Amino acid sequence: MTRPARSIAAGWLTPSYLAPAILLIVAYGVVPFAGSDYLLDAMLTPFLALALAALGLNLLTGYAGQVSLGSAAFLAVGAYAAYNFNLRLHELPFLVSLVAAGLVAAAIGMVFGLPSLRLRGFYLAVSTLAAQFFVQWALTKFEWFSNNNPSGVIDAPPLSVAGLTFSGAAGRYLFSLTVVAVVTLLAIRLLRLQVGRNFIALRDHETAAKVLGVPLLRTKLLAFGVSSFIIGIAGVLWAFAYLRTVEPAGFNLDRSFEILFIIIIGGLASIRGAFLGAAFMVVFPLLLSRLGAALLGDVFDSGVLEMSQRIVIGALIIGLLIAEPRGLIALVDRLAERVLRRSPRWFRRSTQF
Amino acid sequence: MFDYQFFIEVLVGGLLSGVMYSLVAIGFVLIYKTSGVLNFAQGAMLLFAALTFVSLAERGVPFWLALGTTLVIMVALGVAIERTVLRPLVNQSPMTLFMATLGLSYVIEGAAQLLWGTQVHGLNLGIDDVPFELGGVLISQFDLFAAAIAGALVTAFALFFRFTRTGLAFRAVADDQFAALAIGLRLPRVWAAVWTAAGIVALVAGLLWGARLGVQFSLSLVVLKALPVLVLGGFDSVTGAIVGGVLIGAIEKLAEVYVGPFFGGGIEAWAAYVVALGFLLVRPSGLFGQKLVERV
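The listed protein sequences derive, respectively, from chains A and B. Under my numbering, the first residue of the first sequence is numbered 6, with each subsequent residue one higher. Under my numbering, the first residue of the second sequence is numbered 1132, with each subsequent residue one higher.
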């Protein structure tokens, strides 16, 4: 869960910003130069896109308590909207297309969030599936969305902002990193505002929140809107910075589940949890394939890998829900606390978990 | 000129194929009624059952022995799920349980295919999928067969719930978990029984769906067909599952034939969801949900 709110002004200066600051310095100053193209292209860029999508879903599901099974649809909306803005309005700067794509995703998200005004729990979860199927169908069916490509495939335009072109593995990584950092910062600020508090009140007890004067209608629609906006932007990164050629089938239900699993594994209602979960989702299959190949040799082919991956992820989710419903991030925090308790006091004060 | 005969043919075809949806939905309802869990793993169980049966049959095991063995395996699976997943998660929120069944469906799907391979198996139940004419309307023989099986299954369950002690315990738990606990019913045992029953439904549905689509991974996706049925019928009513299934089947086929051409076809994938959603806005608990419950 979130830490108790300190005064917002003081929040900027406290050492709790130390760790993210160091991370950012490393991510900007060291990684692009030291990392291989494989690391940047196949691991870090997808990690950033997935983490951002998970962050968006976490706002809706973790903080506001509305379960969605249609995240991949909003990834797709973001990607295809940005593609079309870029294609049809040539003079539009890419950054504007990016934000506009997010806004389109937000609008669609709010439309599919409308049922949440009357439905709760499972009924709502099922209704978000409608978004999943409808969007995927529409993008395949109407070739206008993909500039008349018969199978709906789109190719990414070059990423350029204000004359600066982000090309190559390092460029695409830096572009993703910047977008993710800015959006994450905004999301953190949002959660500290009244709106963020309303999300949590809505999740914890809808009726109580209503009695306390939380505007349910506005809060729910806002949760769907903000969440879809962020997921839409993540979709642009996924399509343009990571894959660079995407088709609607790539945004299927499995992708939606993947994003949901990221926040369950990483930690519901935790910004850091979204990042941790995404890192796990990217690294785990690679580790598993190495491990399987080392232990079993040729028996461990790609089919076996995919199946054992499913089994492990499923089992991990069940195990986490039973043993630690707050996800891996809670384990990490507990571990850090234990280490810190043994460390000298000056160090403890400067990190302050 | 409106072609009534064609309309009736589409309608009947839809109604009958809807029975297949009902079969899947009933498995959901059984579990939802007694434990308040929306079991997303129902589709995975269906796949697992069908795959196990087909693989046994292909290895030369006679039909009834293969059926019996699969049944035993499904019972063991039901008991194991109660032990390892449900019992530790007692008293958690319904959403937590739902996510656990999502994880469970991944585990079962993975295990089924790891065990039996990922290739497509044909399944022949000895009923040909040939249409015959009845009063000028073409009806699929296989659809009728499936409907008969579904009817027999529902009747068997209804009798079981009415006339056996386990059935009585079942109804008590569905009515009020705490009261059932207070009078000494063993909840874990009832749950194990429910998941076993759901496993049996999964086996029957898996065989029928497998005979139609071939036994393969996409079989586990029939849950997605069953969800709008549940929404329409209400999550906690067997009657709702049947009526909802038949309605959704009919709506889907009619929409595809009469509305589909305006959108370029292929609307079957989401038409059911849109109808179910629109209906929910009017009646948030479905046709037979809660208020008008027929206790089974």
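The C-beta atom is built at its ideal place from N, Cα and C for all residues, glycine as well. Every value quoted in this text rests on a predicted model; they were computed, and no experiment measured them.
Reference residue 89 of chain A; option with closest CA among A/122, A/151, A/101: The count along the first sequence starts at 1 and reaches residue 89 of chain A at position 84. Among A/122, A/151, A/101, the Cα nearest to that of residue 89 of chain A is on A/151.
State the beta-bridge partners of residue 165 of chain A as determined by DSSP. Your numbering for residue 165 of chain A matches position 160 in the first sequence. According to DSSP, residue 165 of chain A bridges with A/170.
Nearest-angstrom beta carbon gap, residue 1364 of chain B and residue 1375 of chain B [assumed within contact, 8 Å]: Counting from one through the second sequence, the residue named residue 1375 of chain B turns up at place 244. Counting from one through the second sequence, the residue named residue 1364 of chain B turns up at place 233. Contact holds; Cβ gap of about 3 Å.
Residues of the stretch 315-336 of chain A in Cβ contact with chain B at a cutoff of 7 Å, in chain order, please. 315, 316, 318, 319, 320, 322, 323, 326, 327, 330
Note the first and the last residue of the continuous alpha helix (DSSP H) segment covering residue 1394 of chain B. Here the question's residue 1394 of chain B lines up with position 263 in the second sequence. Looking at the DSSP string, the run of the alpha helix (DSSP H) that includes residue 1394 of chain B is 1391-1394.
Residues in the stretch 1216-1230 of chain B with C-beta within 8 Å of chain A's C-beta atoms, listed in sequence order? 1216, 1219, 1220, 1223, 1225, 1226, 1227, 1229, 1230
Helix, strand or coil: which one does DSSP assign to residue 1134 of chain B? Start at 1 with the first residue of the second sequence, and residue 1134 of chain B comes out as number 3. Coil, per DSSP.
Who are the neighbours of residue 123 of chain A on chain B, taking C-beta pairs under 8 Å? One-based indexing of the first sequence puts residue 123 of chain A at position 118. Per Cβ cutoff of 8 Å: 1411, 1412, 1415.
Could you check if residue 307 of chain A is buried or exposed, using at least 16 other CB atoms within 10 Å of its CB as the buried criterion? Position 302 of the first sequence, counting from 1, holds the residue named residue 307 of chain A. Classification for residue 307 of chain A: exposed.
Please classify residue 348 of chain A: is it buried, with 16 or more other beta-carbons within 10 angstroms of its beta-carbon, or exposed? What you label residue 348 of chain A is simply residue 343 of the first sequence in a count that begins at 1. Exposed, since its Cβ has fewer than 16 Cβ neighbours within 10 Å.
Between residue 10 of chain A and chain B, is the shortest Cβ-Cβ distance under 8 Å, so that the two count as touching? Here residue 10 of chain A corresponds to residue number 5 of the first sequence, with the count starting at 1. Low confidence applies here, because residue 10 of chain A scores a pLDDT of 47, under 50, leaving its location unreliable; read the following figure in that light. Not closer than 8 Å to any Cβ of chain B, the Cβ of residue 10 of chain A fails to qualify, so no.
Buried/exposed call for residue 223 of chain A, threshold 16 Cβ in 10 Å: Locating residue 223 of chain A in the first sequence gives position 218, counting from the first residue. Label assigned to residue 223 of chain A: exposed.
Determine contact between the stretch 52-61 of chain A and the stretch 230-245 of chain A, defined as no fewer than three beta-carbon pairs at a distance below 8 Å. yes
Within the 8 Å Cβ cut-off, does residue 78 of chain A reach chain B? The residue labelled residue 78 of chain A in the question sits at position 73 within the first sequence. Taking Cβ atoms only, chain B never reaches closer than 8 Å to residue 78 of chain A, which makes this a no.
Taking Cβ positions, are residue 1243 of chain B and residue 1179 of chain B nearer each other than 8 Å? Indexing the second sequence from 1 puts residue 1243 of chain B at position 112. Indexing the second sequence from 1 puts residue 1179 of chain B at position 48. Contact: yes.
For the stretch 1173-1191 of chain B, which residues have a beta carbon sitting closer than 7 Å to at least one beta carbon of chain A? none
Taking one C-beta from the stretch 323-333 of chain A and one from the stretch 1333-1348 of chain B each time, how about it: are there three or more such pairs within less than 8 Å? no
Sequence-distant residues of the same chain with beta carbon closer than 6 Å to residue 1372 of chain B, five excluded per side: Stepping through the second sequence from its first residue, residue 1372 of chain B is reached at position 241. So the list reads 1153, 1156, 1157, 1160, 1364, once near-sequence residues are dropped.
Just to make sure I have the definition right: I need the residues of chain B whose C-beta is within less than 8 Å of the C-beta of residue 120 of chain A. Which are they? Numbered from its first residue, the first sequence carries residue 120 of chain A at position 115. Here the neighbours are 1408, 1411, 1412.
Going by alpha carbons, who is nearest to residue 1249 of chain B out of B/1349, B/1323, B/1285? Along the second sequence, read from residue 1 onward, the residue named residue 1249 of chain B stands at position 118. Of the listed residues, the one whose Cα sits closest to residue 1249 of chain B is B/1349.
For the stretch 1132-1151 of chain B against the stretch 1294-1311 of chain B, are there 3 or more C-beta pairs whose distance is under 8 Å? no
Ends of the alpha helix (DSSP H) at residue 1413 of chain B? On the second sequence, residue 1413 of chain B is found 282 positions in, with the first residue counted as 1. That run of the alpha helix (DSSP H) goes 1399-1413.
Outcome for residue 1416 of chain B when other beta-carbon atoms lying within 10 angstroms are tallied against a minimum of 16: In the second sequence, counting from the first residue as 1, residue 1416 of chain B sits at position 285. Buried, by the Cβ-count rule.
Under 8 Å, Cβ to Cβ, is there at least one residue of chain B near residue 134 of chain A? As a working mapping, residue 134 of chain A is identified with position 129 in the first sequence. Output row for residue 134 of chain A: interface = yes.
Taking contact to mean at least 3 C-beta pairs separated by less than 8 Å, is the stretch 159-173 of chain A in contact with the stretch 291-304 of chain A? no
Cβ pair residue 130 of chain A, residue 207 of chain A closer than 8 Å: Here residue 130 of chain A refers to the residue found at position 125 when the first sequence is read from its first residue. Here residue 207 of chain A refers to the residue found at position 202 when the first sequence is read from its first residue. For residue 130 of chain A and residue 207 of chain A, no; Cβs fall outside 8 Å.
According to the Cβ coordinates, are residue 1339 of chain B and residue 1280 of chain B closer than 8 Å? Position 208 of the second sequence, counted from the start, is the residue given in the question as residue 1339 of chain B. Position 149 of the second sequence, counted from the start, is the residue given in the question as residue 1280 of chain B. Yes.
Would you identify the three-state DSSP class for residue 41 of chain A, choosing helix, strand or coil? Stepping through the first sequence from its first residue, residue 41 of chain A is reached at position 36. Of the three classes helix, strand and coil, the one that applies to residue 41 of chain A here is coil, per DSSP.
Quick one, which of A/77, A/272, A/109 has its alpha-carbon nearest residue 256 of chain A's? For this step, residue 256 of chain A is matched to residue 251 along the first sequence. Answer by Cα proximity: A/77.
Using the Cβ count rule (16 or more neighbours within 10 Å means buried), how would you classify residue 142 of chain A? What you label residue 142 of chain A is simply residue 137 of the first sequence in a count that begins at 1. Buried, because 16 or more other Cβ atoms sit within 10 Å of the Cβ of residue 142 of chain A.
Let's test the definition: count the other Cβ atoms within 10 Å of the Cβ of residue 1134 of chain B and tell me whether it reaches 16, buried, or not, exposed. Position 3 of the second sequence, counted from the first residue, corresponds to residue 1134 of chain B. Counting Cβ neighbours within 10 Å, residue 1134 of chain B comes out exposed, since fewer than 16 surround it.
List the DSSP bridge partners of residue 1264 of chain B. The residue you call residue 1264 of chain B lines up with position 133 of the second sequence. For residue 1264 of chain B, which the question treats as bridged, DSSP gives the partners B/1269.
Which of the three DSSP states, helix, strand or coil, is assigned to residue 1314 of chain B? Along the second sequence, read from residue 1 onward, the residue named residue 1314 of chain B stands at position 183. Residue 1314 of chain B falls in the coil class under three-state DSSP.
Based on Cα-Cα distance, which residue from A/285, A/92, A/289, A/339 lies nearest to residue 161 of chain A? Here residue 161 of chain A is taken as the residue at index 156 of the first sequence, counted from 1. Cα-wise, what sits closest to residue 161 of chain A is A/92.
Considering only their Cβ atoms, is the gap separating residue 340 of chain A from residue 192 of chain A smaller than 8 Å? As a working note, residue 192 of chain A is residue 187 in the first sequence. As a working note, residue 340 of chain A is residue 335 in the first sequence. Cβ atoms of residue 192 of chain A and residue 340 of chain A: not closer than 8 Å.
Kindly identify the DSSP beta-bridge partner or partners of residue 1252 of chain B. In the second sequence, residue 1252 of chain B corresponds to position 121, counting from 1. In the DSSP assignment, the residues bridged to residue 1252 of chain B are B/1346.
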